[in-house]
Amino acid sequence: MKELSNKVLNIKPSGIRKFFDLVSEMKDVISLGVGEPDFDTPWHIRDEGIYALEKGRTFYTSNSGLKDLRIEISNYINRTQGIIYNPENEIIVTVGGSEAIDIGIRALVNDGDEVIIPQPSYVSYEPCTILANAKPVIINLKSENEFRLTAEELQNAITPKTKLLILPFPNNPTGSIMERKDLEEIAKVIIDNDIYVMSDEIYSELTYKGKHVSIASLAQMKDRTILINGFSKSYAMTGWRLGYACAPSNIIKQMTKIHQFAIMCAPTTSQYAAVEALRNGDEDVDTMRKSYNQRRRFLVNAFKEMNIPCFEPFGAFYVFPCIKEFGMTSEEFATKFLQEQKVAAIPGSAFGTSGEGYLRISYAYSLDNLKTAMSRFKIFIDNIRK
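Per the numbering used here, the very first residue in the sequence shown carries number 3; after that it's consecutive.
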């Protein structure tokens, strides 16, 4: 038998999966590991999906997605960011934001091109880059900068082979954000070096300090940016598997070609539901954001009271406490915490080497569960500190 692809064999499995598997085999575990809203999809959005099924709307849509949905995405980006994307040829609807990331990288890079990936960050960026025959160039973000990307770090990572920067903010797993002044400095480096940026803004609606700013909204940046977003986090629609990308028409054309052969189109029922989400879902998003913000403040205060270093995150629904004082790797700490206290958190090392010494804790869970988990966390660290 011929060997399997060496490229695929050499890609490590997601570090998150191990803890999912462990949790599935244990009873009465509080899981703070999944980046998934604990809210049900708002009823009026579900109702639109049901109505689409009742009307027999189970056919393929166009490859790029329902025209009505692309129009609503264009309207949404315009009213939130002041950017105008043509729904005819500058927007594609994808199977989650993850597909948009994958086909966006593949549409841009040639063999040997370099893709700059700040870490800690979402686990898909690096393997997608490798699968596209490009070279990942990792920038290890620093806790003293609240895990923000600096212009100096970016400039130092750029070489003549650099093609693309992935900008993962608001960030999973750290909860860090990039404000306008940060993005303006990054944009200058991008323009001066004539490279592209993929801005993953899936958590854009979950920002707790001012208003999210897209780098695509800055001068001269729209034509250099692939903007990634979706419905999973802000509208509690993870299982509907729906995302989108906005970019210059020449890039969208090539992304659509890949999407056409690999996927055909995103789920039709989900697309009809997403039209309703964009038209009438702002109040739902606001309600969920306020709840997450309450949980965020609770966790930051809880770690402060336990003398656990944890910078205040202003985006997504994660905190990233430092556990270096305990003399264990983050995987050892998370495994022992799970075994002894039946609370699951994700080791920071799952998101890159610079995540070592940290835990990702999601607050996409009820306040009651978070309170119980933190009481168990205190028992756990008090026993180690004795």
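Here a beta-carbon is modelled for each residue, glycine too, at the ideal position from N, C-alpha and C.
Fair warning: this is a prediction, and the values are worked out from it, not measured in the lab.
So, are the CB atoms of residue i and residue j less than 8 Å apart?
i	j	result
Tyr-274	Leu-34	no
Ile-363	Pro-323	yes
Ser-201	His-214	no
Arg-298	Tyr-210	yes
Leu-110	Ile-253	yes
Pro-311	Thr-176	no
Ala-136	Val-191	no
Ile-265	Val-97	yes
Pro-170	Tyr-124	yes
Ala-238	Phe-41	yes
Gly-37	Leu-208	no
Glu-203	Ile-230	yes
Gly-283	Gly-99	no
Phe-328	Ser-145	no
Ile-193	Ile-118	no
Lys-57	Gly-114	no
Lys-326	Gly-359	yes
Glu-74	Arg-243	no
Thr-131	Ile-107	yes
Ile-140	Ile-348	no
Glu-116	Lys-183	no
Ile-79	Cys-248	yes
Ile-47	Ala-304	no
Ile-13	Pro-129	yes
Ile-93	Ser-76	yes
Ile-160	Ile-188	no
Ser-332	Asn-91	no
Met-180	Leu-156	no
Met-257	Ile-105	yes
Output the boundary residues of the beta strand (DSSP E) element that contains residue i.
i	result
Lys-137	137-142
Pro-389	Residue numbering for the chain in the displayed model covers 3 to 388; residue 389 lies beyond these limits and cannot be assessed.
Leu-361	361-364
State the start and end residues of the unbroken alpha helix (DSSP H) segment that holds residue i.
i	result
Met-257	251-264
Ser-76	69-83
Ser-293	284-307
Lys-373	369-387
Cys-130	127-133
Lys-9	8-11
Starting from residue i, follow its DSSP beta bridges and name the residues at the other end.
i	result
Ile-94	Ala-247
Ser-33	Ala-346
Cys-324	Tyr-360
Gly-317	Thr-209
Here's a check: name, in chain order, each residue in its chain whose Cβ is nearer than 8 Å to the Cβ of residue i, leaving out the five neighbours to either side.
i	result
Val-31	Val-25, Leu-340, Lys-344, Val-345 and Ala-346
Arg-59	Thr-270, Thr-271 and Tyr-274
Arg-226	Ile-192, Ile-193, Ile-197, Tyr-198 and Val-199
Lys-306	Cys-312
Lys-373	Phe-300
Among residues of its own chain, excluding the 5 on either side of residue i, which ones have a beta-carbon nearer than 6 Å to its beta-carbon?
i	result
Asp-70	Val-277
Phe-149	Leu-143, Thr-176 and Ser-178
Cys-267	Tyr-62, Thr-63 and Asn-65
Arg-378	Gln-343 and Val-345
Pro-44	Asp-286
Leu-301	Val-321 and Tyr-365
Tyr-127	Ile-119 and Ile-168
Ala-134	Ile-107, Arg-108 and Val-111
Asn-295	Tyr-210
Thr-240	Glu-38 and Ser-234
Arg-72	Pro-89 and Ile-93
Residues in the same chain with beta-carbon distance under 7 Å from residue i, minus the five sequence neighbours each way, listed in chain order, please.
i	result
Gly-84	Ser-219
Lys-380	Met-308
Ser-356	Gln-121, Pro-122, Asn-142 and Leu-143
Gly-232	Gly-98, Gly-99, Ile-204, Leu-244, Gly-245 and Tyr-246
Ala-336	Phe-21, Ala-347, Ile-348, Pro-349 and Leu-361
Arg-291	Glu-207 and Leu-208
Ala-375	Ile-32, Leu-34 and Val-345
Asn-371	Ile-32
Tyr-53	none
task: Taking only runs that begin and end inside the segment 35-67, name each unbroken alpha helix (DSSP H) of 4 or more residues, in chain order.
output: Listed in chain order, the alpha helix (DSSP H) runs fully inside the segment 35-67 are 45-56, counting runs of at least 4 residues.
field: 4-residue-minimum alpha helix (DSSP H) runs that sit fully inside the segment 157-234, ordered along the chain
entry: Runs found: 182-195.
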